[in-house]
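> In this note's numbering, the protein residues as written are 60 to 467.
From the three backbone atoms N, C-alpha and C, an ideal C-beta is built for every residue, glycine too.
Here the structure is a predicted model, which is why all the values come from computation and not from measurement.
Here's a structure for you.
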Ligand SMILES: Cc1ncc(COP(=O)(O)O)c(C=O)c1O
Ligand SMILES: [Zn+2]
């Protein structure tokens, strides 16, 4: 089982740019859109089977055929790759998929599941994307990675850079949850606190990256964070024994998880491993920063910058996502929806998840549960449909938000 990575391709349908994976790449040089990794799926399908997976490593790297490998990326055309570059891993992925029976009973849903991404290394699903991105950045020679973050991506980037032995530069808004700042510093990252939003942090990183020699791993500005996050889709396929759920509810900031899972389902379809039915992709956001919900309400193909973004769900405070057109594409193509929750609603939902299911969720996960509650109340998800709600992070990182919620 080997990576079948073949090339990178521009994500804009009207741009034909195609590039070799090496050297390390950021955006499409022609139109500055995100690049997507493409694989030789005919080759991948020969070995990627449910049966073969039974004996593989218990991390997201079990899906090696459809994940990047620098040894393959740097080979010459037609040449066999020499060996395999070992992934930079802390054991990410293979998170619990919990049948939420008590919560489901309350909502009239028999098959509600929670995929608890809070159990990843560094306590969030960001581990998956950064394991893949750091693996490739290190193997392709980057001395340091750099990124803006609203929270959890910083801790994950810093941890993987530490284990890879490369530098890590992080820009965070001054009101980022304290745990994210502390963990990033503990892992040895160079942390810059910026008085502004993640968009201001992104500008800071972009302005300094070239002259400082940092390789930017900002959301969708390099092609492999999506690859790591798409393994959430492969895991669902494996956990449901070759089937896919009817709906997926995903707390959306930059949208990498949603875009990644949608890509996973397309790949599984192309390999003949699933039929043509796809889960409805339901994007959950916070009312204080809901650019995707607003664009969805208008039937728009792209979002507009969301002014005065403010929410306790720090990871959802992304006023304009670089890949908004890809997120909206996935929602429309799947017959999905986009739903916003107020901060009070989402923390109340976190309380329900904790009390009824024993899951200590991040506020972002609470926003997802509010979307489930609203859809169930309106009869827009059926009692016997299989619904997977992603709790994207651990509540342990959000002590202040939890303390305030418990005090009311
Ligand atoms: C816990 C949590 N959930 C969701 C998100 C949003 O993730 P994405 O950028 O994949 O939409 C973040 C991003 O920081 C996060 O930390
Ligand atoms: Zn392009």
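1. Under 7 Å from any heavy atom of ligand 2, does the C-beta of residue 74 make it?
2. Return yes when at least one heavy atom of ligand 2 lies under 7 Å from the C-beta of residue 89, else no.
3. Quick check on the burial criterion: 16 or more other C-beta atoms within 10 angstroms. Buried or exposed for residue 443?
4. Answer yes if the stretch 375-388 comes into contact with the stretch 340-352, meaning at least three C-beta pairs across the two stretches below 8 Å, and no otherwise.
5. Over the uninterrupted alpha helix (DSSP H) stretch that includes residue 80, give me the two end residues.
6. Suppose the cutoff is 7 Å on Cβ atoms and the five residues either side in sequence are ignored; what does the same chain contact list for residue 290 look like?
7. What is the C-beta distance between residue 431 and residue 333, in whole angstroms, given that I count them as a contact (C-beta under 8 Å)?
8. DSSP three-state label for residue 258, please.
9. Quick check on residue 383: does DSSP put it in helix, strand or coil?
10. Is there contact between the stretch 258-271 and the stretch 223-230, where contact requires at least three CB pairs shorter than 8 Å?
11. Check whether the stretch 212-224 and the stretch 152-169 touch, using three or more Cβ-Cβ pairs below 8 Å as the test.
12. So, does the stretch 194-202 touch the stretch 269-283, judging by three or more C-beta pairs under 8 Å?
13. Less than 7 Å separating the Cβ of residue 84 from some heavy atom of ligand 2?
14. Roughly how far, in whole angstroms, is the beta-carbon of residue 102 from the beta-carbon of residue 148, given that I think they are within contact range, below 8 Å?
15. Going by DSSP, what residues sit across from residue 342 in a beta bridge?
16. Please report the straight-line C-alpha distance between residue 300 and residue 466, rounded to a whole angstrom.
17. Is residue 315 near ligand 1 - that is, is its Cβ less than 7 Å away from at least one heavy atom of it?
18. Is there at least one non-hydrogen atom of ligand 1 closer than 7 Å to the beta-carbon of residue 310?
19. On a CA-only basis, which of 315, 97, 105, 166 is nearest residue 437? Give me that one, please.
20. When the Cα of residue 97 is compared with those of 310, 252, 285, which residue comes out closest?
21. How close, in whole Å, do the beta carbons of residue 426 and residue 310 come, if the pair is a contact with beta carbons under 8 Å?
22. Tell me residue 26's beta-bridge partners as DSSP assigns them.
23. With a threshold of 7 Å (Cβ to nearest heavy atom), would residue 71 be considered close to ligand 2?
24. Measure from the alpha carbon of residue 555 to the alpha carbon of each residue in 242, 392, 404, then state which is nearest.
25. Can you tell me whether residue 330 is helix, strand or coil according to DSSP?
So, from the listed chains and residues:
1. In the chain shown, the residue the question calls residue 74 occupies position 15. Flag set: Cβ of residue 74 near ligand 2.
2. Numbered from its first residue, the chain shown carries residue 89 at position 30. It does: the Cβ of residue 89 is within 7 Å (strictly closer) of some heavy atom of ligand 2.
3. In the chain shown, residue 443 corresponds to position 384, counting from 1. Per the 10 Å Cβ criterion, exposed.
4. yes
5. To locate residue 80, count along the chain shown from 1; it is residue 21. Run containing residue 80: none; DSSP gives neither H nor E here.
6. Here residue 290 corresponds to residue number 231 of the chain shown, with the count starting at 1. Result list for residue 290: 119, 122, 152, 187, in chain order.
7. The count along the chain shown starts at 1 and reaches residue 431 at position 372. The count along the chain shown starts at 1 and reaches residue 333 at position 274. Between residue 333 and residue 431 the Cβ distance is about 23 Å, and since that is not below 8 Å, they are no contact.
8. Here residue 258 refers to the residue found at position 199 of the chain shown. If DSSP states are grouped into helix, strand and coil, residue 258 belongs with the helices.
9. Taking the chain shown and counting its residues from 1, the one referred to as residue 383 is at position 324. It is helical.
10. yes
11. no
12. yes
13. By one-based count along the chain shown, residue 84 stands at place 25. The answer is no for residue 84.
14. Along the chain shown, read from residue 1 onward, the residue named residue 102 stands at position 43. Along the chain shown, read from residue 1 onward, the residue named residue 148 stands at position 89. No, residue 102 and residue 148 are not in contact; Cβ-Cβ is about 23 Å, not under 8 Å.
15. As a first step, residue 342 is located in the chain shown; it is residue number 283 there, counting from the start. Its beta-bridge partners are 309, 397.
16. Taking the first residue of the chain shown as position 1, residue 300 is located at position 241. Taking the first residue of the chain shown as position 1, residue 466 is located at position 407. Using only the alpha carbons, I get a separation of about 43 Å.
17. For this step, residue 315 is matched to residue 256 along the chain shown. Checking the Cβ of residue 315 against ligand 1 gives yes.
18. Here the question's residue 310 lines up with position 251 in the chain shown. Checking the Cβ of residue 310 against ligand 1 gives yes.
19. Position 378 of the chain shown, counted from the start, is the residue given in the question as residue 437. Comparing Cα positions, the closest option is 166.
20. Taking the chain shown and counting its residues from 1, one reaches residue 97 at position 38. Taking only the C-alpha atoms, the option nearest residue 97 is 285.
21. The sequence position of residue 426 within the chain shown is 367, counting from 1. The sequence position of residue 310 within the chain shown is 251, counting from 1. That pair is a contact at about 5 Å.
22. With the chain represented from 60 up to 467, any question about residue 26 goes unanswered, as that position is not in the structure.
23. Residue 71 sits at position 12 when you count from the first residue of the chain shown. Residue 71 Cβ: within cutoff of ligand 2.
24. A query on residue 555 cannot be resolved here, the shown segment of the chain reaching from 60 to 467 and no further.
25. On the chain shown, position 271 is the one that residue 330 refers to. Reduced to three states, the DSSP call for residue 330 is coil.
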